[in-house]
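Heads up: the structure comes next, in structure tokens.
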Amino acid sequence: MSGSIEPGSGGDVVIEATDLARTFGEVVAVDGIDLSVTRGEVFGFLGPNGAGKSTTIRMLTTLLRPTGGSARIDDHDVVGSAAAVRRIIGVALQDSSIDPLMTGNELMRLQAVLHGIPRSEARRRCPELLARVGLTGAADRRVATYSGGMRRRLDLALSLVHEPGILFLDEPSAGLDPTSRLALWEEVRRLNRELGTTVFLTTQYLEEADELASRIAIIDRGRLVREGSPEALKATVGSPTLRVDVDPVFFETTRRVLADFGPDRPAREGRVSIGLDGGAARVAEVVRALDDAGVPVTHLELDAPSLDDVFADATGRRLEGADE
Amino acid sequence: MSASAVAHTEGLGHVGGVALAICGRGMRRIRARPTLIMPVLLMPLIFVISFTGAFGSLTRVEGYGTDNVFNWMAVYAALQGAVFAGVGGASATAEDLENGFFDRLLLTPGSRVPILVGTMAYSALRSTIPTTGVLFVSVLGGLSLAGGPLALLTVYVATAGMAAVFCLVGLAVVYRFRTMRSMILIQVFGFSSMFLSTGQVPIHFMNGWLHAVARVNPITNVLRFARQGFLGDLTWAMTWPGLVALGGMSLVSGTLAVWQLRRLAA
Numbered sequence: 144m145s146g147s148i149e150p151g152s153g154g155d156v157v158i159e160a161t162d163l164a165r166t167f168g169e170v171v172a173v174d175g176i177d178l179s180v181t182r183g184e185v186f187g188f189l190g191p192n193g194a195g196k197s198t199t200i201r202m203l204t205t206l207l208r209p210t211g212g213s214a215r216i217d218d219h220d221v222v223g224s225a226a227a228v229r230r231i232i233g234v235a236l237q238d239s240s241i242d243p244l245m246t247g248n249e250l251m252r253l254q255a256v257l258h259g260i261p262r263s264e265a266r267r268r269c270p271e272l273l274a275r276v277g278l279t280g281a282a283d284r285r286v287a288t289y290s291g292g293m294r295r296r297l298d299l300a301l302s303l304v305h306e307p308g309i310l311f312l313d314e315p316s317a318g319l320d321p322t323s324r325l326a327l328w329e330e331v332r333r334l335n336r337e338l339g340t341t342v343f344l345t346t347q348y349l350e351e352a353d354e355l356a357s358r359i360a361i362i363d364r365g366r367l368v369r370e371g372s373p374e375a376l377k378a379t380v381g382s383p384t385l386r387v388d389v390d391p392v393f394f395e396t397t398r399r400v401l402a403d404f405g406p407d408r409p410a411r412e413g414r415v416s417i418g419l420d421g422g423a424a425r426v427a428e429v430v431r432a433l434d435d436a437g438v439p440v441t442h443l444e445l446d447a448p449s450l451d452d453v454f455a456d457a458t459g460r461r462l463e464g465a466d467e
Numbered sequence: 004m005s006a007s008a009v010a011h012t013e014g015l016g017h018v019g020g021v022a023l024a025i026c027g028r029g030m031r032r033i034r035a036r037p038t039l040i041m042p043v044l045l046m047p048l049i050f051v052i053s054f055t056g057a058f059g060s061l062t063r064v065e066g067y068g069t070d071n072v073f074n075w076m077a078v079y080a081a082l083q084g085a086v087f088a089g090v091g092g093a094s095a096t097a098e099d100l101e102n103g104f105f106d107r108l109l110l111t112p113g114s115r116v117p118i119l120v121g122t123m124a125y126s127a128l129r130s131t132i133p134t135t136g137v138l139f140v141s142v143l144g145g146l147s148l149a150g151g152p153l154a155l156l157t158v159y160v161a162t163a164g165m166a167a168v169f170c171l172v173g174l175a176v177v178y179r180f181r182t183m184r185s186m187i188l189i190q191v192f193g194f195s196s197m198f199l200s201t202g203q204v205p206i207h208f209m210n211g212w213l214h215a216v217a218r219v220n221p222i223t224n225v226l227r228f229a230r231q232g233f234l235g236d237l238t239w240a241m242t243w244p245g246l247v248a249l250g251g252m253s254l255v256s257g258t259l260a261v262w263q264l265r266r267l268a269a
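Rendered as structure tokens:
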């Protein structure tokens, strides 16, 4: 299933892809996806490494030409009107793409020139943006001296220099420590809330998608497999997930016992997971059944459905560890 | 999207602004890390010192048009430095492509050609550093300005032009292969082109295929153009073929580079 995604809130569509595809020789990176994002949304594009997220974002931002289908950004075709698309989008790409030998100020000025911002306007806007992301004090320092979090924040400021209405963020918090990640999330929320910026973000972090996105599309092996609000997606999974860790010797016995309590769900090695029919009320019953079967349980947990469960439900694999 | 109302991403102003910014970025990188220019400066210096030392007596042979080897070798070493400077400019782009910085440049809403023009201008500008170094050492060695101060101008024009040409050739290759490793192709091409010219010996000293290649090699004309002011007076007959050679090489390499740049996002 390639998955067809309809706009979430019924507002005007600013990002629209129709049967969008990209192949590299024999490799199909993106396999005919349809999606629509409405103005003012924070749209999360979730998937494991190699799922096709970055290829999709590169096509939507005109950095890569699609080999099939089409995409429009605010009614501009990404191939036919690429310059117009670049004029209205801001892009913060993976790997930061920041020159370590330049200072924050120098990069901001270069970015302003690239986007044709008049010098007087750039002089006003660049310090404002650096202040907004908390980098005023570091503006004249070389980027080589910045932490990972500071680089990502600078990248965000750079992507905003021409005040775009649509912002693409490719793995914005990859490699960041928890504090930097929270600060970045807050800034993305603020942009969306205060300026109404439409945000299209790719991520492999379930928590990031859950925290930021009002709507999520899940991509796996180049195809869209699920779409909806985080709550709606989790609701589709139904019962909570019971995870039981046991010694490998008792693995099959555990599976057999748990099969009476709900459907099997994908789990990492050494763990048995099921969707527990009846929810928390039946945990004691499960424990008794395992005890009667002589299975010594080393760990047991019950979680409300997560986006990982949604991914597992759609693909038969867990997102966490899906790279392996 | 208020920026759309004030941004100017078309016209000569934007083209010039972006090209200048790219060129300025390159020079700022050198200021931030002077080691970036050291190979470009040292290589031709070593070259001029070692060649003039090893072949100091060469110009006693009739046909060189000078009795001081610096008058012959200085321009050759300066042009080698310029080739190095040009390839270095393209290498910086290869680095940008590998680390993702080039994506930032590609996201400019205007034409992408100024990115190429700026890189070329940066290469031409940085070529003045090794050229100045070579000329300084050569003056110490007795370089004569037989053609007057204009002799220096011809060297700077020739080296800037050669740096631009080899930068464009390098960019065509880098845009095609997108890796730093591809630069080895340009280095081999650059040095071969120089060796297959009249860099070291006059053309009538050469025999067979070497003579034929040197005769059609446009770099031979560039060498004649840049060298004339150290061997005698400057003449239009020696000047125009050099300028035409530089213009022709720039046109061909520029066309190739623009073609590959346009293919880059495909």
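Quick note, the sequences are listed as chains C and R, same order.
Numbers given in our numbering equal positions in the first sequence, counted from 1, plus 143.
Numbers given in our numbering equal positions in the second sequence, counted from 1, plus 3.
Just so you know, even glycine gets a beta-carbon here, dropped at the ideal spot from N, CA and C.
Bear in mind that the values here come from a model prediction, so they are computed numbers and not experimental data.
Exercise. DSSP state of isoleucine 40(R), grouped into three classes?
Worked result: Here residue 40(R) is taken as the residue at index 37 of the second sequence, counted from 1. Reduced to three states, the DSSP call for isoleucine 40(R) is coil.
For this session: Out of Glu264(C), Phe167(C) and Arg201(C), state which residue places its alpha-carbon closest to the alpha-carbon of isoleucine 232(C).
Result: Mapped onto the first sequence, residue 232(C) falls at position 89. Comparing Cα-Cα distances from isoleucine 232(C) to each of Glu264(C), Phe167(C) and Arg201(C), the minimum goes to Arg201(C).
Exercise. How many angstroms separate the CA atom of histidine 17(R) from the CA atom of valine 380(C)?
Worked result: Mapped onto the second sequence, residue 17(R) falls at position 14. Mapped onto the first sequence, residue 380(C) falls at position 237. Histidine 17(R) and valine 380(C) have their C-alpha atoms some 53 Å from each other.
For this session: Please go through the segment 311-364 of chain C and give each complete beta strand (DSSP E) segment of 3 or more residues, from N-terminal end onward.
Result: 341-346 and 358-363, all fully within the segment 311-364 of chain C.
Exercise. Which residues in the same chain have their Cβ closer than 8 Å to the Cβ of valine 168(R), if we skip the five residues on either side of it in sequence?
Worked result: Residue numbering aside, residue 168(R) sits at position 165 when the second sequence is read from its first letter. Gly89, Leu249, Met252, Ser253 and Ser256.
Exercise. When the Cα atoms are used, what is the spatial distance from valine 225(R) to glutamate 101(R)?
Worked result: Working through the second sequence from its first residue, we reach residue 225(R) at position 222. Working through the second sequence from its first residue, we reach residue 101(R) at position 98. Between the alpha carbons of valine 225(R) and glutamate 101(R) lies a gap of roughly 34 Å.
Exercise. Does the Cβ of alanine 215(R) lie closer than 7 Å to at least one heavy atom of the ligand GTP?
Worked result: The ligand GTP is not part of this structure, which contains no ligands at all.
Exercise. For leucine 128(R), which residues from the same chain have a beta carbon less than 7 Å from its beta carbon, with the 5 sequence-adjacent residues on both sides left out?
Worked result: Position 125 of the second sequence, counting from 1, holds the residue named residue 128(R). Only Cys26 and Met30 meet the Cβ criterion.
Exercise. Would you say arginine 31(R) faces chain C, with C-beta separation under 8 Å as the test?
Worked result: Sequence index remark: in the second sequence, residue 31(R) carries index 28 (1-based). Chain C contact via Cβ: present.
Problem set entry | Residue nearest to glutamate 370(C) in terms of C-alpha spacing, selected from Leu445(C), Ala457(C) and Glu337(C) | In the first sequence, the residue the question calls residue 370(C) occupies position 227. The shortest Cα separation from glutamate 370(C) among Leu445(C), Ala457(C) and Glu337(C) belongs to Ala457(C).
For this session: Figure out for me which residue from Asp320(C), Thr198(C) and Leu443(C) has the closest Cα to the Cα of alanine 427(C).
Result: Numbered from its first residue, the first sequence carries residue 427(C) at position 284. Answer by Cα proximity: Leu443(C).
For this session: Per DSSP, which residues does serine 290(C) bridge with? Please list them.
Result: The residue you call residue 290(C) lines up with position 147 of the first sequence. In DSSP, serine 290(C) forms no bridge with anything.
Exercise. What does a CB cutoff of less than 6 Å around aspartate 70(R) pick up in its chain, not counting 5 residues either side in sequence?
Worked result: In the second sequence, counting from the first residue as 1, residue 70(R) sits at position 67. Thr62, listed in sequence order.
Exercise. When DSSP labels each residue in this structure, what does phenylalanine 167(C) get in the three-state scheme?
Worked result: Indexing the first sequence from 1 puts residue 167(C) at position 24. If DSSP states are grouped into helix, strand and coil, phenylalanine 167(C) belongs with the strands.
Exercise. For the candidate residues Leu203(C), Asp242(C) and Arg266(C), whose alpha-carbon lies nearest to that of glycine 223(C)?
Worked result: Walking along the first sequence from the start, residue 223(C) turns up at place 80. Taking the Cα of glycine 223(C) as reference, the smallest distance to any Cα among Leu203(C), Asp242(C) and Arg266(C) is reached at Leu203(C).
Problem set entry | Bridge-paired residues (DSSP) for aspartate 214(C) | Taking the first residue of the first sequence as position 1, residue 214(C) is located at position 71. Here residue 214(C) is alanine; the residue named in the question, aspartate, does not match the sequence. According to DSSP, which records beta bridges pairwise, alanine 214(C) is partnered with Ala160(C).
Exercise. Closer than 8 Å, CB to CB, is phenylalanine 139(R) near chain C or not?
Worked result: Along the second sequence, one-based indexing puts residue 139(R) at 136. Not one beta carbon of chain C lies nearer than 8 Å to the beta carbon of phenylalanine 139(R).
Problem set entry | Close beta carbons around alanine 432(C), own chain, < 6 Å, minus the five adjacent residues each side | Your numbering for residue 432(C) matches position 289 in the first sequence. Spatial neighbours of alanine 432(C) in its own chain (CB-CB distance under 6 Å, excluding positions within 5 residues in sequence) are listed in chain order as Val400.
For this session: Express the C-alpha separation of threonine 135(R) and phenylalanine 228(R) in angstroms, rounding to a whole number.
Result: As a position in the second sequence, residue 228(R) is number 225, starting the count at 1. As a position in the second sequence, residue 135(R) is number 132, starting the count at 1. Looking at the two C-alpha atoms, the distance is approximately 18 Å.
Exercise. Would a check of beta-carbon distances place alanine 160(C) closer than 8 Å to chain R?
Worked result: For this step, residue 160(C) is matched to residue 17 along the first sequence. No, alanine 160(C) lies away from the interface with chain R (no Cβ there is under 8 Å from its Cβ).
Exercise. Who are the Cβ neighbours of arginine 461(C) in its own chain at under 8 Å, not counting the five residues just before and after it?
Worked result: Within the first sequence, residue 461(C) is the residue found at index 318, counting from 1. Answer for arginine 461(C): Pro409, Ala410, Arg411, Asp451, Phe454 and Ala455, listed in chain order.
Exercise. In chain R, what lies closer than 7 Å to aspartate 242(C) by C-beta?
Worked result: Taking the first residue of the first sequence as position 1, residue 242(C) is located at position 99. Chain R residues near aspartate 242(C): Phe104.
Exercise. Between the C-alpha atoms of alanine 240(R) and isoleucine 309(C), what's the straight-line distance to the nearest angstrom?
Worked result: As a working mapping, residue 240(R) is identified with position 237 in the second sequence. As a working mapping, residue 309(C) is identified with position 166 in the first sequence. About 59 Å.
Problem set entry | Close beta carbons around serine 94(R), own chain, < 6 Å, minus the five adjacent residues each side | Taking the first residue of the second sequence as position 1, residue 94(R) is located at position 91. Shown here for serine 94(R): same chain residues with a beta carbon closer than 6 Å to its own, the five before and five after excluded, namely Met186 in chain order.
Problem set entry | Three-state secondary structure (DSSP) of threonine 182(R) | Position 179 of the second sequence, counting from 1, holds the residue named residue 182(R). Three-state result, threonine 182(R): coil.
Exercise. Secondary structure at alanine 163(R), three-state DSSP: helix, strand or coil?
Worked result: In the second sequence, residue 163(R) corresponds to position 160, counting from 1. In the structure shown, alanine 163(R) sits in a helix (DSSP, three-state: H, G or I).
Problem set entry | For threonine 205(C), three-class secondary structure by DSSP | In the first sequence, counting from the first residue as 1, residue 205(C) sits at position 62. In the structure shown, threonine 205(C) adopts coil according to DSSP, grouped into three states.
For this session: State the DSSP-derived secondary structure class of alanine 455(C), mapped to helix, strand or coil.
Result: For the purposes of this step, residue 455(C) is identified with residue 312 of the first sequence, where counting begins at 1. Helix at alanine 455(C).
Exercise. Any idea if alanine 57(R) is buried or exposed, counting beta-carbon neighbours within 10 angstroms, 16 or more meaning buried?
Worked result: In the second sequence, counting from the first residue as 1, residue 57(R) sits at position 54. Alanine 57(R) comes out exposed.
For this session: Just list the alpha helix (DSSP H) runs in the segment 107-141 of chain R, keeping only unbroken ones of 4 residues or longer that don't cross its boundaries, in chain order.
Result: Fully contained in the segment 107-141 of chain R are the following alpha helix (DSSP H) runs of length 4 or more, in chain order: 116-129.
Problem set entry | Every unbroken beta strand (DSSP E) inside the segment 422-453 of chain C [3 residues or more] | Runs of the beta strand (DSSP E) lying entirely within the segment 422-453 of chain C and spanning at least 3 residues, in chain order: 440-446.
For this session: Output the residue ranges of the alpha helix (DSSP H) runs that lie fully inside the segment 224-310 of chain C and measure 4 residues or longer, sorted by chain position.
Result: Unbroken alpha helix (DSSP H) runs of no fewer than 4 residues, entirely contained in the segment 224-310 of chain C, are found at 225-231, 247-257, 262-275 and 291-302, following chain order.
Exercise. Any beta-carbon of chain C closer than 8 Å to the one on glycine 19(R)?
Worked result: Position 16 of the second sequence, counted from the first residue, corresponds to residue 19(R). With its beta carbon at least 8 Å from every one in chain C, glycine 19(R) lies outside the interface.
Problem set entry | Interface flag, arginine 184(R) vs chain C, CB-CB below 8 Å | As a position in the second sequence, residue 184(R) is number 181, starting the count at 1. No, its Cβ sits nowhere closer than 8 Å to a Cβ of chain C.
Exercise. According to the Cβ coordinates, are alanine 217(R) and threonine 223(R) closer than 8 Å?
Worked result: Looking up residue 217(R) in the second sequence gives position 214. Looking up residue 223(R) in the second sequence gives position 220. The answer is yes: Cβ separation under 8 Å.
Problem set entry | Per DSSP, the bridge partner or partners of leucine 267(R) | Locating residue 267(R) in the second sequence gives position 264, where the first residue counts as 1. DSSP lists no beta-bridge partner residue for leucine 267(R).
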